[in-house]
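The next block holds one structure in the form of structure tokens; read it before the comments.
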Amino acid sequence: MSPGDAGVLPFLDLYGADFQARPHEVLRAYREQHFCARTPLGIAVLRYAELQDLLAHRLFRTPATDLLTMQGITTGPMVELMSALLLNSHGETHDRLRRLVSRAFTLRSVESFRPRIAAIASELLDDIAPRGSCDFMADFAEPYSSRVLFEFVGIPLTAMEKITKWNADIVLMFGFEAAANAPRIEATLREIGSFVDELAAQRRREPRADLISALVTAEDASNLLTPAELRAMMITLLSAGTGTVSRQLGSGLAAFVEHPAQWQALAENRQLAAPAVEEVIRYSSSVIVGLPRLSTEALLWNGLQLERGACLVPIPGAANRDPAVFTDPERFDITQQRRSHLTLGGASTTAWGRRWAGRSCKRRCCCWRSG
Ligand code: HEM
Numbered sequence: 229m230s231p232g233d234a235g236v237l238p239f240l241d242l243y244g245a246d247f248q249a250r251p252h253e254v255l256r257a258y259r260e261q262h263f264c265a266r267t268p269l270g271i272a273v274l275r276y277a278e279l280q281d282l283l284a285h286r287l288f289r290t291p292a293t294d295l296l297t298m299q300g301i302t303t304g305p306m307v308e309l310m311s312a313l314l315l316n317s318h319g320e321t322h323d324r325l326r327r328l329v330s331r332a333f334t335l336r337s338v339e340s341f342r343p344r345i346a347a348i349a350s351e352l353l354d355d356i357a358p359r360g361s362c363d364f365m366a367d368f369a370e371p372y373s374s375r376v377l378f379e380f381v382g383i384p385l386t387a388m389e390k391i392t393k394w395n396a397d398i399v400l401m402f403g404f405e406a407a408a409n410a411p412r413i414e415a416t417l418r419e420i421g422s423f424v425d426e427l428a429a430q431r432r433r434e435p436r437a438d439l440i441s442a443l444v445t446a447e448d449a450s451n452l453l454t455p456a457e458l459r460a461m462m463i464t465l466l467s468a469g470t471g472t473v474s475r476q477l478g479s480g481l482a483a484f485v486e487h488p489a490q491w492q493a494l495a496e497n498r499q500l501a502a503p504a505v506e507e508v509i510r511y512s513s514s515v516i517v518g519l520p521r522l523s524t525e526a527l528l529w530n531g532l533q534l535e536r537g538a539c540l541v542p543i544p545g546a547a548n549r550d551p552a553v554f555t556d557p558e559r560f561d562i563t564q565q566r567r568s569h570l571t572l573g574g575a576s577t578t579a580w581g582r583r584w585a586g587r588s589c590k591r592r593c594c595c596w597r598s599g
């Protein structure tokens, strides 16, 4: 089969009942046939080497405002926010934003927050332990991921309820229901904007040991985000850093329930906490289908002749089990030394999301051990 002609590629129905019911089995069959497959969204990339290349490739970009444009939204607050998001910025702008945020989001600041992460986990467990059972997502994973993020960023916990509501509106902006919900989403964007501006002004006057203070104070003003960039950054953190972590904790727990010997191994050896986090995110990735990429020009990529604007769909759920890279990939094994998974995107995009996600999940693994 020549991949040059995308028409001859196998067809994978990402919305089909088969894929929804047993995604990994379906993906294995497709990945064995070819590194890619046609889907209703675009060309799915299933193997590790090609996916790693796609995620790092400068000639592909995230869809940014395209979904809004398709719904007739070409100006206004939604377009402004979408264009300012780190995920949707590219080239020099992306590098500059990443540099400014990485300065505030240093390994040291995440490390020094570890005792607080442990304390939050313990507080929640102390509450659960006397009951003898719990709803893991509602009683632990969700409050844990929100509290850790809020405290690190510097958002008062009293704002949690309204931010949860805002997040639900923001999500609508990334789908096909943005136009139908435009008044509601725009009102939410205005409210979040004022909330962030007010918080930033407070921290400028009285900086604290939190991320927002680090973002709004710098010796040189050229080292600061603009107010619009700061708003977009806070919205990214609030929406990208809570549901992702809690869902990953939930699917990680499910993997351990299915593999009690691995749970026992972790309980007996604390050193396995870090590799366990990586293995959980590889094997029971909460992101099976990743964020689509569009080609910014016509190009020949891995034998595929792509038009400008061609849509490629990363499938980390398939690449993370590629036998060309992982030994015995269908096995959940926290003791294996493995290559990095691709769940969190390419190394160029998410170094600190990766750092943070790892810390948040690792603490939980340590607590599972002692609990
Ligand atoms: C296990 C938890 C997490 C998962 C599964 C996850 C997943 C992802 C994915 C799939 C992307 C898109 C990558 C791409 O297509 O290139 C992404 C980007 C991003 N994530 Fe996460 N994430 C997690 C935790 C976090 C946390 C805790 C934060 C922040 C505190 C965060 C902040 C970000 C940011 C800022 C981006 C955009 C990065 C850029 O474009 O440079 N993520 N994440």
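229 is the number of the first residue of the sequence shown in our numbering; add one for each residue after it. Where a beta carbon is used, it is the ideal one built from N, C-alpha and C, also for glycine.
Counting only the Cα atoms, Arg286 lies some 27 Å from Ile301.
Taking a C-beta distance under 8 Å as the contact criterion, Ala493 and Thr563 qualify as a contact pair. Taking non-hydrogen atoms of ligand 1 into account, the C-beta of Ala460 is found less than 7 Å away from none of them.
Between the alpha carbons of Glu558 and Arg549 lies a distance of about 6 Å. Going by beta carbons, Ile440 and Arg431 fall inside the 8 Å limit.
Around the CB of Leu240, 16 or more other CB atoms lie within 10 Å, so the residue is classed as buried. According to the DSSP assignment, Arg521 belongs to the beta strand (DSSP E) that extends over 521-523.
Shortest Cα-Cα distance from Glu351 to any of Ser337, Ser340, Tyr372 involves Tyr372. If you check the CB distance, Ala547 and Leu328 do not come in under 8 Å. Checking the 7 Å criterion, the Cβ of Arg326 is within range of a heavy atom belonging to ligand 1. Boundaries around Pro542 are those of the beta strand (DSSP E), 539-542, since no alpha helix (DSSP H) includes it. A Cβ-Cβ distance of about 29 Å is found for the pair Met306 and Glu379, leaving them out of contact under the 8 Å criterion. Close CB contacts of Arg459 within its chain, under the 8 Å cut and outside five residues either way in sequence, are with Leu309, Ala312, Ile420, Gly421, Val424, Asp425 (chain order). Judged by beta-carbon spacing, Phe288 lies beyond the 8 Å limit of Arg436, meaning their Cβ atoms are not closer than that value.
In this structure, Gln476 keeps its C-beta atom at 8 Å or more from the C-beta atom of Phe484. Around Asn316, the same chain offers Thr290, Ala292, Met310 as residues with beta carbons nearer than 7 Å, after the five sequence neighbours per side are excluded. Burial check for Arg536: the Cβ neighbour count within 10 Å stays below 16, so the residue is exposed. Taking the Cα of Thr334 as reference, the smallest distance to any Cα among Leu534, Gly469, Ala442 is reached at Ala442. Annotation for Val399: Ser467 place their beta carbon closer than 8 Å to its own, counting only its chain and skipping 5 residues before and after. Non-local C-beta neighbours of Phe341 in its own chain, meaning closer than 7 Å and more than five positions away in sequence, comprise Phe380, ordered along the chain.
For Arg266, the enclosing beta strand (DSSP E) begins and ends at 264-266. Closest option to Arg412, judged by alpha-carbon separation, among Trp394, Ala429, Phe404, Ser374: Trp394.
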